[in-house]
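Contents: one structure, followed by commentary.
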DNA sequence: ACCCCTTGATCACATAACAAGATAGCTTAC
DNA sequence: GTAAGCTATCTTGTTATGTGATCAAGGGGT
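Below you can see the structure in the form of structure tokens.
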């Protein structure tokens, strides 16, 4: 059984004529006859009544119901890949907590505004877990810190954060080792890459352990820091954006520690669904405008 | 896009191997490659990730959902015509009121007992209306009185009733014309063919008009006749079956009026769905056993 | 009642699509 | 490093498909 035959059958059902069906579906009448005949031979049932006016038989109508299902599924599938519509698509995005909180909202908003039909699913987790989910096909794309070691993956640097040390008091240089040993650090919850950076910073300063508090929200973190509760490490642009609301000061960290690149990772572009391709388009646009804004705003 | 290709794609999705898929679906590996490749070219998307272990890409999984729908619809359709299952079938039967009341119950019961999955739909109406519905494809088969004049239809005589005149008092001959003129006749509701027979009978006896009451049920009719309310005309076997419950007597009518043949009409057998074919089987069996019983019982 | 027009079936032929086998290139595991 | 297993590619013979021409049948109009 071929989809082409079913389409011709539906044509016959609708037009009640082999000739008209042939014209409508851009072929010739003998072709319609042949296809219908082949269907009939295959199923061992007469599908079309040719005596008098052409009309589907009971069996033909029964088959037509299934043909309808098959063809509509086919058309949906084709339009999903070839058409401009992304309706019915699903897009599963994996991202780190910090990325989700700090970078994704405008991107998701822009994408959802442009393609509201896409079923967006967001999963958060640490980089290692995200990569695993990507390789297992549980998500379609991920935002992760640092380059993926996996080959055969499409990688794209989308965000480049410059981390700064945030405190309630002005700083000219890194706090002393003694200060750091007794200080409290505020971070997003476990698994966050910024938190790892804090630990990296502490190690860099010769401090092996410090108190690190988990806070769920950016506002909470900045508020606590402003209240003198401790330090935190955040992207410079984020801090600058909220600096007018909190009495906080920041210190540029050494480059190797400060620099945090967030990569967008997915399978090769050739494997992308249109929905994913559109998402990447949106992502690039938003990321580009973000860069402009932060560059002009930060200058 | 071809169903065959989709089936191979599903095979690859399940086995994770082109070779295994080829074996499972009784073809060769190069065929699987070719089909998948053609699908990919057609949709402009890579569906299978061949680097490392073979696995569907995001796009492949998206297509697989639609493939699932198409293939299951296809399989259902095929099994409807080729398999032994009639699940999901619909059977629309048209029948006259009297046939529905007197003959169909055992047939429908037998059929429904044997094929409970079939969605049975029964429509009642007079012969002309039924024939119209059959030609319009609104029902799959009908039980009608008398031969269909329409050609190209499958006709089968299934019931042959011998009508008798029923009264509360014993009769040796037809009532007199005077008696008939004042008498009341009881019949099923308008459109019933037995009612037409009553009118035919009256015309035969030279009576142009008589009072005819519509009663909805057989029991009501026989009860009223037994109470001396009037006459009715019913099949001999029906009357004999109920004779022990009512004090009624019957008179054999002249052959041309007494003989009422009920025909089963449907499109040509070649156009029958399996459900319809099974119904005809059941119908013949029940009709045959009915004949035996009535013959032995009536002798 | 006749003729004409339209419709679907059939046939022959050219082309395209397909399945199968052999081989080459690549990856993975030992 | 080698061997085994996998997929891509190529070739070939066969099948399937699309097309146009022709034939038979039915319906409508005169």
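Protein chains in written order, with full-length UniProt numbering: chain A, 1 to 299; chain B, 1 to 299. Here a beta-carbon is modelled for each residue, glycine too, at the ideal position from N, C-alpha and C.
Contacts of residue i in chain B (Cβ-Cβ under 8 Å)
i: residue 273(A); result: 45, 58, 59, 62
Per-residue contacts from residue i into chain A (C-beta, under 9 Å)
i: residue 81(B); result: 42, 43, 44, 45, 59, 62, 63
i: residue 194(B); result: Chain A residues near residue 194(B): none, gap ~29 Å exceeds 9 Å.
Residues of its chain near residue i, where Cβ-Cβ distance is below 6 Å and the 5 sequence neighbours each way are ignored
i: residue 295(B); result: Residue confidence for residue 295(B) is low, a pLDDT of 49 falling below 50, so the modelled location carries little weight and cannot support an answer.
i: residue 297(A); result: Unreliable positioning characterises residue 297(A) in this predicted model, as indicated by a pLDDT of 40, which lies under 50. The coordinate reading is nonetheless provided below. The answer is none, since no qualifying residue turns up.
i: residue 120(B); result: 91
i: residue 94(B); result: 123, 130, 133, 139, 142
i: residue 280(A); result: none
i: residue 232(A); result: 166, 186, 221, 225
i: residue 103(A); result: 159
i: residue 170(A); result: 249
i: residue 111(A); result: 279, 282
Chain B residues whose Cβ lies nearer than 9 Å to that of residue i
i: residue 255(A); result: Per Cβ cutoff of 9 Å: no residues; residue 255(A) is ~35 Å from chain B at best.
i: residue 7(A); result: Within chain B, no residue comes near residue 7(A); the closest Cβ sits about 11 Å away, beyond 9 Å.
i: residue 152(A); result: 49, 51, 52
Contact set between residue i and chain A, taken where Cβ atoms lie within less than 8 Å
i: residue 147(B); result: Within 8 Å Cβ-Cβ: nothing; residue 147(B) doesn't reach chain A, min ~18 Å.
i: residue 1(B); result: 3, 74, 77, 78
i: residue 66(B); result: 73, 74, 76, 77, 80
i: residue 87(B); result: Neighbours of residue 87(B) on chain A: none; closest Cβ ~12 Å, over 8 Å.
Residue i, enclosing beta strand (DSSP E) - first and last residue
i: residue 261(A); result: 259 to 266
i: residue 212(A); result: 211 to 214
i: residue 301(A); result: Since the displayed chain A opens at 1 and closes at 299, residue 301(A) lies outside it and no answer follows.
i: residue 167(B); result: 154 to 167
i: residue 144(A); result: 141 to 145
i: residue 93(A); result: 90 to 95
i: residue 249(A); result: 249 to 252
i: residue 186(A); result: 184 to 187
Proximal residues to residue i (C-beta, below 8 Å), its chain only, five neighbours per side dropped
i: residue 276(B); result: 91, 140, 141, 266
i: residue 257(A); result: 163, 197, 200, 201, 204
i: residue 247(A); result: 168, 226
i: residue 5(A); result: 35, 36, 38, 39
i: residue 207(A); result: 177, 180, 181
Per-residue contacts from residue i into chain B (C-beta, under 7 Å)
i: residue 70(A); result: 70, 73, 74
i: residue 140(A); result: 58
Cβ-based burial, residue i [other Cβ within 10 Å; buried from 16]
i: residue 113(B); result: exposed
i: residue 253(B); result: buried
i: residue 244(B); result: exposed
i: residue 127(A); result: buried
i: residue 172(A); result: exposed
i: residue 222(B); result: buried
i: residue 118(B); result: buried
i: residue 161(B); result: buried
i: residue 53(B); result: exposed
i: residue 100(B); result: buried
i: residue 287(B); result: buried
i: residue 259(B); result: exposed
i: residue 239(A); result: buried
i: residue 125(A); result: buried
i: residue 299(B); result: Low confidence applies to residue 299(B): its pLDDT is 32, below 50, so where it sits in the model is not reliable enough to give any reading.
i: residue 193(B); result: buried
i: residue 22(B); result: buried
i: residue 74(A); result: buried
i: residue 235(B); result: buried
Segment limits, alpha helix (DSSP H) that includes residue i
i: residue 24(A); result: 18 to 24
i: residue 118(B); result: Unbroken run through residue 118(B): none, as it is neither H nor E.
i: residue 80(B); result: 58 to 81
i: residue 227(B); result: Segment: none, residue 227(B) is in no alpha helix (DSSP H) and carries neither H nor E.
i: residue 27(A); result: Segment: none, residue 27(A) is in no alpha helix (DSSP H) and carries neither H nor E.
i: residue 103(B); result: Taken as a continuous stretch (DSSP letters only), residue 103(B) belongs to no alpha helix (DSSP H), as it is neither H nor E.
i: residue 11(A); result: 3 to 15
Chain A residues whose Cβ lies nearer than 7 Å to that of residue i
i: residue 276(B); result: 58
Close beta carbons around residue i, own chain, < 7 Å, minus the five adjacent residues each side
i: residue 283(B); result: 107, 158, 264
i: residue 137(A); result: none
i: residue 47(B); result: 9, 36, 39, 40, 56, 57, 59, 60, 63
Touch test, the region 6 to 14 of chain B against the region 35 to 48 of chain B, Cβ-Cβ under 8 Å, three pairs minimum:
yes
Examine the Cβ distances between the region 71 to 86 of chain B and the region 272 to 287 of chain B and report whether three or more of them are shorter than 8 Å.
yes
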